[in-house]
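Chemist: Per the working numbering, residue 9 is the first one in the sequence shown, and the count goes up by one each step. Where is the CB? At the ideal position from N, CA and C, for every residue including glycine. Before I ask anything, here is the structure I am working with.
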Amino acid sequence: PYTVRPDITNRSDVARALEEEYPPVLRDAGVGGTVQVWFFIDENGKVQKTQVNRSSGHQALDEAALRVANEIEFTSALNEDKPVPVWISLPITFSVR
């Protein structure tokens, strides 16, 4: 349990990773999607494990989302004032611009 949720600290790096990891064949075809990803974040805010919680329906997007997920850095989750390890689920969305 936690009282303070972890927060993403490197949003610009995540935006770059989304662009770099977007499978070109899907992007060029106008295919986007959202992958719901589970993150296990240790008490130091480091991602230790990721897994797909809900698929986008495209294996290539799911795999790309996991690569992006491993680039994300977080603040520590807190339970009261103590850093704690947590599982959280976040969407990773690939959209055509």
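Can you tell which of Gln44, Ala73, Tyr10 has the C-alpha that lies nearest to the C-alpha of Pro99?
Modeler: Stepping through the sequence shown from its first residue, residue 99 is reached at position 91. The shortest Cα separation from Pro99 among Gln44, Ala73, Tyr10 belongs to Gln44.
Chemist: Quick check on DSSP: helix, strand or coil for Ser97?
Modeler: Against the sequence shown, residue 97 aligns to sequence position 89. Ser97 falls in the strand class under three-state DSSP.
Chemist: Quick check: Thr83 and Asp15, are their CB atoms within less than 8 Å of each other?
Modeler: Walking along the sequence shown from the start, residue 83 turns up at place 75. Walking along the sequence shown from the start, residue 15 turns up at place 7. Contact flag set, yes.
Chemist: Would the beta-carbon of Ala85 fall within 8 Å of that of Arg13?
Modeler: Along the sequence shown, one-based indexing puts residue 85 at 77. Along the sequence shown, one-based indexing puts residue 13 at 5. In contact: Ala85 and Arg13 (Cβ atoms closer than 8 Å).
Chemist: For Pro32, does the three-state DSSP call read helix, strand or coil?
Modeler: Taking the first residue of the sequence shown as position 1, residue 32 is located at position 24. Pro32 falls in the helix class under three-state DSSP.
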